[in-house]
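**Student:** Numbering (my numbering), first residue to last: 40 to 860. Glycine is no exception: its CB is placed at the ideal position from the N, C-alpha and C atoms. All of these numbers come straight from a predicted model, not from anything done at the bench.
1. Hey, quick one: how far does the beta strand (DSSP E) through residue 168 stretch, first residue to last?
2. Does DSSP put residue 288 in a helix, in a strand, or in coil?
3. To the nearest angstrom, how far is the alpha carbon of residue 859 from that of residue 776?
4. What residue does the beta strand (DSSP E) around residue 781 start on, and which one ends it?
5. Checking 8 Å against the spacing of the C-beta atoms, do residue 215 and residue 181 come in under that value?
6. Are the CB atoms of residue 823 and residue 800 within a distance shorter than 8 Å?
7. Based on the DSSP output, what are the partners of residue 125 in its beta bridges?
8. I'd like the span of the alpha helix (DSSP H) that includes residue 311, first residue to last.
9. Please say whether residue 835 and residue 788 have beta carbons closer to each other than 8 Å?
10. Just to confirm the assignment: which complete alpha helix (DSSP H) runs, minimum length 4, are found wholly within the stretch 350-437?
11. Once you ignore the five residues that flank residue 722 on each side, which residues in its own chain have a CB closer than 7 Å to its CB?
12. How should residue 97 be labelled, buried or exposed, when 16 other C-beta atoms within 10 angstroms of its C-beta is the threshold for buried?
13. Terminal residues of the continuous alpha helix (DSSP H) containing residue 590?
14. Is residue 537 buried or exposed, if buried means 16 or more other CB atoms sit within 10 Å of its CB?
15. What's the C-alpha gap between residue 755 and residue 764?
16. Can you check whether the CB of residue 267 is closer than 8 Å to the CB of residue 318?
17. State the start and end residues of the unbroken beta strand (DSSP E) segment that holds residue 533.
18. Taking just the CA atoms, how far does residue 375 sit from residue 769?
19. Restricting to Cα atoms, I'd like to know which of 141, 512 and 494 is closest to residue 471.
20. Are the stretch 607-614 and the stretch 521-534 touching, with three or more C-beta to C-beta distances below 8 Å?
21. Note down, in chain order, each residue of its chain lying with its Cβ closer than 8 Å to the Cβ of residue 54, except the 5 sequence neighbours on either side.
22. Rank 93, 293, 47 and 77 by C-alpha distance to the C-alpha of residue 115 and give the top, closest one.
23. Can the beta-carbon of residue 212 be found less than 8 Å from the beta-carbon of residue 235?
24. State yes or no: is the C-beta of residue 421 within less than 8 Å of the C-beta of residue 548?
25. Are the CB atoms of residue 650 and residue 565 within a distance shorter than 8 Å?
26. Taking residue 563 as part of the alpha helix (DSSP H), name the residues at either end of that continuous run.
27. With a threshold of 7 Å on Cβ separation, who are the neighbours of residue 91 within its own chain once the five nearest residues in sequence on each side are excluded?
28. Do you know offhand how far residue 43's Cα is from residue 232's?
29. So the beta strand (DSSP E) residue 679 belongs to, where does it begin and stop?
30. Put residue 276 into one of helix, strand or coil per three-state DSSP.
31. Assuming residue 821 is part of the beta strand (DSSP E), what are its boundary residues?
32. Do three or more CB pairs link the stretch 679-697 to the stretch 441-449 at distances below 8 Å?
33. Quickly, what does DSSP pair residue 704 with across the bridge? List them, please.
34. Indicate whether residue 270 and residue 283 have their beta-carbon atoms separated by less than 8 Å.
35. Mind checking whether residue 164 and residue 150 have CB atoms under 8 Å apart?
36. Alpha carbons only, please: which of 710, 449 and 285 is nearest the one belonging to residue 500?
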C-alpha cells in the first residue's frame, strides 16, 4: 500500500490566549493536553478546576467557553522519498479554529461535525515541526456568526444554530452548558503517492430478493489506468468484483446470493461480512477501504389509508413494530465514550426490549463503534442530521459547511446495515408552525432548503439504500399541520408539559418518535454529584441539576393526582422515580394496544450525558433507573395489557414473535386481600406478529369497591400478567406493605426473595443504596398476598442480609400512601 498513517496524539499542551481567565490558570501557563480531548477535561486532569458535573460547578466554570485556547505539539519528521503527498487529517475539531504548521496558517475550520484534510506537503520540514490549533471562544464565535447570518429562533440562551457545533454543548433541558473546545477526534498525517480512495462507501442491500453489494468512491491523484476490486467474504464463500475507474469515480457492484439477510433483533440473525475495496494500478494494490456489511432492504412508508397517513419501518419486506428510545451523547465530553461504554449502554437498551435507537439531532454523529455495536446486536438506528429545535440559515458560509458535513456523515455511516433512517431535523418543521417563528424570521431562511432539497439529494446520490425523512415529527405534505396524530410521526409533549400522564390515552398516534416523563437519577448518582446539606428538591445543587423549565413544578403536578407529595427527600426521590416509570409504562402499553394502527414508539430518552434530573432511563453514571424496568415490561415481545375500550375494559395480547402464542388466560376482579370477586377465562391463539383483544365481562370490569379492588389477568404459563386498578393509589385502600425477606449469597451477589403478606404494588429493590456498583434483574413487581418475588442481585457482596429489608432499599408504592392495616 502507498497510503500510510501516523497518529499525532502525543506531546500536546494547551494554554489560554484571550478571555476572562482566572489568575491561577493564567499563571499555570501551558498544561498537558489530551488528544482526542477537550479543554475542560484537560483543565480537570491538571487539577486546575473542579469537576463540572458536581454541585454548582457548572456555574463557576462558565468562563471557560469565553476563552480562546491554543493547543500545541511538536513532532519529528523524516519523510520518505516514496511519498509524494502528505495530508494532515483531523477527524474532529471542536469547533472554530485556525490551524498552523511551523508558523504557517494552513486552514480556518468551523465545523465540529466533519473531518478536515489539509495538504501539508510543502509545509513539513525535516526535523522538528510545530503544530498549533488556535481555538476561538465558541460562545463569542456563535454570537458573532448569529449577527453575521442574521438572528434566528432557537431553544437556548446561546445561538447554537449559528455554528456547526454540538447543539447540546451549550446546554439543553437535560444538559450541562460546557461550551468546550478541543481536538475531539483523532488527528494524523497520511502520506501517499499516485492515487488514493476518497469518500469510499461499501454497502449491502437487497434487489429483487437477492443480496447485492455496492462500492463507490472517488479518486484523488493520478487517475489514469486505475481499476477497483471489491472483495466480500463470509464463513463459507468469497465473492470478487472488479471495474475500471472512470473519470476518477469508482463504482463496483455485484450480487452475493450466498449471503444471508440481516434482520432486526427479534426477527432473525445479523450476519455480517468483511468487505474490502482495493484501488489497483497495474495489478498492484495502492489503497484500500474495509467495512463490515450486512444485507437488508429497508423502507420508511408514509402511506395514505382510511385513517390518514400511516408510518412504518419495513425491513426485508416486513413491517417492524418499533420499540425504541432516543439517544443523546452519552457524555457531555464525547471523546470519553469508548466502545466498551457504547456496549454497556446498548446492552441496557436490549434489556429494555428495544429494537431501535434514534440518534437525536442536537448531538453528534456517533463514532463507528456505536453503529458497529448496533449492527452486531440487530438494533436499528435512526440518525438525525444535526439540526434541532431552531431555524437555520441557508446562507454562506453555513450552507457549504452543512453540505460537506452531510456528505461526510452519509459516507461514513451508510455502510452500517443497522442504519434504517436518515432524518432531516428534530422538531424544526413543526417548530416553524407551532413556535411563532414567522415574525421572528422576518423573511429569512429557516432550513427548508436543507430538509426538502439538499439533504434528500445527498442521500439519494450516496446512499439510495437508506430511506430519508425530512423531519421528526413529520407529516408528508408541506402544508400539513405537522405533529398531527393521524398523519405520519408525532412527538407527544403536551402530557409532560401541561397535563397528567393519564392523558397519554387521549392520543391515538400512528407512530410516536418522542414522548417521556422526568425523574431523578438513582440515589447513588444523585448523592455523588450533589453534596447539598440539607439535600432537598430545591436545594442549590438540585436546581443546577434540573434543567427543564419549571421542571420541579411539572414533577409535582404530575405526581399529585396519583400520590401524596412527600416531605421527606428519600420518599420524594422514590416517588418521582416510580411516577416516571409508571407514566412511560402507561404510554407504551396504550400505544402498543392500538396496533396495527400504531406501529411504534421511541421513548425520550435512553441515556444521560451527566448526573441530572431528566427523562432518561439510564442515568449519567450509567445506572438503571426504575424507568428502564418499566420499559422492559411494556416492550415485552409478548405483552398483555388491560386498557379502556369503547364499552369498558379490554384485555389486549400482543405477540411480536415468529411463533404463534397459544394461552389460557385467567382473568379476575379481586379484592386487595386476593379474594376473587368475579372471574372469566379466555383461550387465545395469537398469530405471529399479531394482536388479539377481548372485552372483559361487565362483572369483571366493574368494581364494587373501587378503592379496594383490582383486575389481574394471568396466562396459564405464567409468562404474562396484567393488572388494572380502579382508583388512583392516593384514593385507594392500599395498605402498608407487609413482607418477609430472605437473602442467600451467590458467587456474584445475592438471591433475594420477598413474600408479600399484603397486596404490594411495584415492589423494587434499590440496591445501589447498599452498594453503588450493585444492580438487580427485577423491579416494579406487583404481588398479591402470599406471592413471592425473586431478585438476582449482582454486587453488594459485603452486605448484611438485613440490608435488603431496609426501608430505603425495599421500596413499593405502598410506602408512599402511609396507611396502616
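**Tutor:** The relevant details are as follows:
1. If you number the chain shown from 1, residue 168 lands on position 129. Taken as a continuous stretch (DSSP letters only), the beta strand (DSSP E) holding residue 168 covers 166-174.
2. Position 249 of the chain shown, counting from 1, holds the residue named residue 288. In this structure, residue 288 counts as strand in the three-state DSSP scheme.
3. For this step, residue 859 is matched to residue 820 along the chain shown. For this step, residue 776 is matched to residue 737 along the chain shown. Confidence in residue 859 is poor, its pLDDT being 48 and thus under 50, which makes the residue's placement unreliable; the coordinate value appears in the next sentence. Straight-line Cα distance between these residues: approximately 9 Å.
4. Residue mapping note: residue 781 aligns to position 742 of the chain shown, counting from 1. Residues 778-784.
5. Residue numbering aside, residue 215 sits at position 176 when the chain shown is read from its first letter. Residue numbering aside, residue 181 sits at position 142 when the chain shown is read from its first letter. Cβ atoms of residue 215 and residue 181: not closer than 8 Å.
6. As a first step, residue 800 is located in the chain shown; it is residue number 761 there, counting from the start. As a first step, residue 823 is located in the chain shown; it is residue number 784 there, counting from the start. Against a cut-off of 8 Å, the Cβ pair of residue 823 and residue 800 comes out as no contact.
7. Within the chain shown, numbered from 1, the residue matching residue 125 stands at position 86. Residue 125 pairs with 230.
8. As a first step, residue 311 is located in the chain shown; it is residue number 272 there, counting from the start. Counting along the chain, residue 311 falls outside any alpha helix (DSSP H), and DSSP gives it neither H nor E.
9. For this step, residue 788 is matched to residue 749 along the chain shown. For this step, residue 835 is matched to residue 796 along the chain shown. For residue 788 and residue 835, yes; Cβs fall inside 8 Å.
10. 378-390 and 407-416
11. Taking the first residue of the chain shown as 1, we reach residue 722 at position 683. 703.
12. Along the chain shown, one-based indexing puts residue 97 at 58. Of the residues assessed, residue 97 falls on the buried side of the cut-off, its CB having 16 or more other CB atoms within 10 angstroms.
13. Translated into the one-based positions of the chain shown, residue 590 becomes position 551. Segment 590-598, the alpha helix (DSSP H) holding residue 590.
14. Counted from its first residue, the chain shown places residue 537 at position 498. Classification of residue 537: exposed, given that the 10 Å Cβ count is below 16.
15. Position 716 of the chain shown, counted from the first residue, corresponds to residue 755. Position 725 of the chain shown, counted from the first residue, corresponds to residue 764. Distance between the alpha carbons of residue 755 and residue 764: 22 Å.
16. By one-based count along the chain shown, residue 318 stands at place 279. By one-based count along the chain shown, residue 267 stands at place 228. Contact: yes.
17. Your numbering for residue 533 matches position 494 in the chain shown. Not the beta strand (DSSP E): residue 533 falls in the alpha helix (DSSP H), residues 533-537.
18. Here residue 769 refers to the residue found at position 730 of the chain shown. Here residue 375 refers to the residue found at position 336 of the chain shown. Each residue's alpha carbon lies about 44 Å from the other.
19. Here residue 471 refers to the residue found at position 432 of the chain shown. Looking at the Cα atoms, 512 is the closest of the given residues.
20. No, they do not touch.
21. Counting from 1 along the chain shown, the entry for residue 54 is found at position 15. Correct list, in chain order: 68, 69, 70, 108, 109 and 111.
22. In the chain shown, counting from the first residue as 1, residue 115 sits at position 76. Ranking 93, 293, 47 and 77 by Cα distance to residue 115 puts 47 first.
23. Along the chain shown, one-based indexing puts residue 212 at 173. Along the chain shown, one-based indexing puts residue 235 at 196. No.
24. By one-based count along the chain shown, residue 421 stands at place 382. By one-based count along the chain shown, residue 548 stands at place 509. Going by C-beta atoms, residue 421 is not nearer than 8 Å to residue 548.
25. Position 526 of the chain shown, counted from the first residue, corresponds to residue 565. Position 611 of the chain shown, counted from the first residue, corresponds to residue 650. Closer than 8 Å, so yes.
26. By 1-based counting over the chain shown, the position of residue 563 is 524. It spans 562-568 - the alpha helix (DSSP H) in which residue 563 sits, taken as one unbroken run.
27. If you number the chain shown from 1, residue 91 lands on position 52. Hits under 7 Å: 79, 97, 100, 215 and 217.
28. Locating residue 43 in the chain shown gives position 4, counting from the first residue. Locating residue 232 in the chain shown gives position 193, counting from the first residue. If I take the Cα positions, the gap works out to 10 Å.
29. One-based indexing of the chain shown puts residue 679 at position 640. 677-683 is the extent of the beta strand (DSSP E) around residue 679.
30. Counting from 1 along the chain shown, the entry for residue 276 is found at position 237. Three-state DSSP puts residue 276 in coil, outside helix and strand.
31. On the chain shown, position 782 is the one that residue 821 refers to. In the DSSP assignment, residue 821 falls within the beta strand (DSSP E) that extends over 820-822.
32. no
33. Indexing the chain shown from 1 puts residue 704 at position 665. DSSP output for residue 704 lists 721 and 754 as bridge partner(s).
34. Taking the first residue of the chain shown as position 1, residue 270 is located at position 231. Taking the first residue of the chain shown as position 1, residue 283 is located at position 244. Not closer than 8 Å, so no.
35. As a first step, residue 164 must be located in the chain shown, where it is residue number 125. As a first step, residue 150 must be located in the chain shown, where it is residue number 111. Not a contact, by the Cβ cut-off of 8 Å.
36. Here the question's residue 500 lines up with position 461 in the chain shown. Nearest of 710, 449 and 285 to residue 500, Cα basis: 449.
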